[in-house]
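Read left to right, the sequence shown gives residues 1 to 288 (the UniProt record's numbering).
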Amino acid sequence: MDRATFETRLFGVLRWVVIAILVVVTLFPFYYMVLLSIRPIETVLANPGDLWAGPAEWTVSTYREVLGSVSSGGQGFVGLIGNTLLVATSATVLTLLISLPGSYAVSRLQFVGRRQVHFLFLAIYLFPAILLAIPLFTVFTRLGLRGSLFGLIIVYIAQTIPVSVYMLRNYLTTIPVSLEEAAAVDGYSRLQTLRKVILPLAAPAVMANALYVFMIAWNEYLFALLFLVENRGNWTVSLGLAQLSGGIEVSKTVLMAGSVVLTLPIVIIFFATERLLTEGLTAGADKG
1 MDRATFETRL FGVLRWVVIA ILVVVTLFPF YYMVLLSIRP IETVLANPGD
51 LWAGPAEWTV STYREVLGSV SSGGQGFVGL IGNTLLVATS ATVLTLLISL
101 PGSYAVSRLQ FVGRRQVHFL FLAIYLFPAI LLAIPLFTVF TRLGLRGSLF
151 GLIIVYIAQT IPVSVYMLRN YLTTIPVSLE EAAAVDGYSR LQTLRKVILP
201 LAAPAVMANA LYVFMIAWNE YLFALLFLVE NRGNWTVSLG LAQLSGGIEV
251 SKTVLMAGSV VLTLPIVIIF FATERLLTEG LTAGADKG
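As structure tokens, this is what we get:
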């Protein structure tokens with residue numbers, strides 16, 4: 001066996017070893033979290049190191065407590081999920097509606113400072129979120145938006161638009177200008193070109209940005225705590241989970257059930273979006 005063949009086989013084996021290690025490291029915490037959430041607290045306290053539980057040991061009482069209404073002794077996570085879904089979806093849609101034409105203008109239109117302006121969109125990330133929290137709290141209190149989901153949506157939009165414009169701008173610059181020139185010859189306006197030509201080709205980048213914005217809005221905690229803490233009816237899932245983690249009377253199995261409820265929608269959306277990204281990439285290639 002020559003050296004080239006040996007190295008090829010060696011690296012082929014090492015690649016699968018590394019993949020297996022990464023899969024275990026990535027999936028094991030989630031697996032253990034799910035395992036704890038379906039085991040009775042008595043069993044967990046007796047054998048906390050067990051990595052397997054048969055169907056006979058499974059229980060859904062933890063999920064009933066997490067999803068049940070507060071009036072019935074539960075944690076009310078169904079309402080929290082609804083609030084979080086409303087905030088995350090609204091922030092995602094509005095961010096894309098603003099950042100798409102903004103990124104197109106930065107990538108295509110000629111104006112003074114065009115090469116520098118897209119970097120200025122990232123200037124907001126020079127400041128830590130905690131530094132912006134107090135001024136935003138004061139402004140939103142005077143506007144009467146503290147405690148409302150609408151105010152939280154505005155904050156998330158302001159957070160995500162700069163990086164969304166930056167990311168989309170980098171993708172739009174890879175689309176040939178000749179396609180827009182051909183559309184202009186066919187009588188398309190700027191808006192029609194953006195909607196019928198650019199948007200289908202930019203579908204992978206749009207879906208990636210949508211997932212990015214949605215995940216930020218779904219998991220964000222600091223501003224949700226700052227604006228919604230006094231109005232439990234408008235709490236998001238992250239606030240509810242923080243309450244569970246700080247409650248002495250709440251068992252850790254219930255906390256793990258709440259963590260699963262918080263994490264599972266993102267996992268499902270990620271895999272669904274992965275397929276949409278593939279379809280969008282293929283559609284863009286056919287269009288070109």
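Even glycine gets a Cβ: it sits at the ideal position worked out from N, Cα and C.
For residue i and residue j, what's the separation of their Cα atoms in angstroms?
{"i": "T138", "j": "A91", "result": "22 Å"}
{"i": "G147", "j": "V213", "result": "21 Å"}
{"i": "I38", "j": "T62", "result": "7 Å"}
{"i": "E180", "j": "T193", "result": "6 Å"}
{"i": "L36", "j": "V17", "result": "28 Å"}
{"i": "S69", "j": "V250", "result": "15 Å"}
{"i": "residue 323", "j": "L80", "result": "Examination of residue 323 is not possible in this model, given that the chain is present from 1 through 288 alone."}
{"i": "K252", "j": "T8", "result": "48 Å"}
{"i": "T84", "j": "Y156", "result": "12 Å"}
{"i": "V78", "j": "S245", "result": "18 Å"}
{"i": "V185", "j": "R195", "result": "16 Å"}
{"i": "E230", "j": "L211", "result": "29 Å"}
{"i": "G12", "j": "L22", "result": "16 Å"}
{"i": "V25", "j": "Y32", "result": "11 Å"}
{"i": "G233", "j": "V44", "result": "32 Å"}
{"i": "I19", "j": "V267", "result": "19 Å"}
{"i": "S255", "j": "Q75", "result": "In the sequence as displayed, the identity of residue 255 is Leu instead of Ser. L255 and Q75: Cα-Cα distance of roughly 10 Å."}
{"i": "I134", "j": "T89", "result": "26 Å"}
{"i": "L27", "j": "S259", "result": "15 Å"}
{"i": "T174", "j": "P55", "result": "53 Å"}
{"i": "I198", "j": "L109", "result": "14 Å"}
{"i": "A4", "j": "L14", "result": "15 Å"}
{"i": "V60", "j": "L67", "result": "11 Å"}
{"i": "E274", "j": "L143", "result": "40 Å"}
{"i": "I153", "j": "F111", "result": "31 Å"}
So residue i and residue j are supposed to be a Cβ contact under 8 Å. How far apart are they, rounded?
{"i": "R169", "j": "V106", "result": "5 Å"}
{"i": "T263", "j": "F30", "result": "7 Å"}
{"i": "A202", "j": "L172", "result": "6 Å"}
{"i": "V87", "j": "L149", "result": "5 Å"}
{"i": "W235", "j": "L228", "result": "6 Å"}
From the DSSP output, in three-state form, read off residue i for me.
{"i": "E220", "result": "coil"}
{"i": "G12", "result": "helix"}
{"i": "L80", "result": "helix"}
{"i": "L51", "result": "coil"}
{"i": "V229", "result": "coil"}
{"i": "A202", "result": "coil"}
{"i": "T26", "result": "helix"}
{"i": "Y31", "result": "helix"}
{"i": "V250", "result": "coil"}
{"i": "L145", "result": "coil"}
{"i": "Q192", "result": "helix"}
{"i": "Q116", "result": "helix"}
{"i": "V60", "result": "coil"}
{"i": "L38", "result": "Note that residue 38 is Ile in the sequence shown, not Leu. Note: I38 maps to coil in three-state DSSP."}
{"i": "S69", "result": "coil"}
{"i": "I175", "result": "coil"}
{"i": "G74", "result": "coil"}
{"i": "F127", "result": "coil"}
{"i": "L255", "result": "helix"}
{"i": "Q110", "result": "coil"}
{"i": "T236", "result": "coil"}
{"i": "G187", "result": "coil"}
Would the C-beta of residue i count as close to the ligand GDP, meaning under 7 Å from any of its heavy atoms?
{"i": "G73", "result": "Here there are no bound small molecules, and the ligand GDP is not part of this structure."}
Any contact between the region 213-225 and the region 124-141? By contact I mean 3 or more CB pairs, one from each, below 8 Å.
In this structure the region 213-225 lies against the region 124-141, because at least three pairs of beta carbons, one per stretch, are closer than 8 Å.
Pairs of beta-carbons, one from the region 97-111 and one from the region 160-176, closer than 8 Å: are there three or more?
Judged by Cβ distances under 8 Å, the region 97-111 makes contact with the region 160-176, as three or more pairs qualify.
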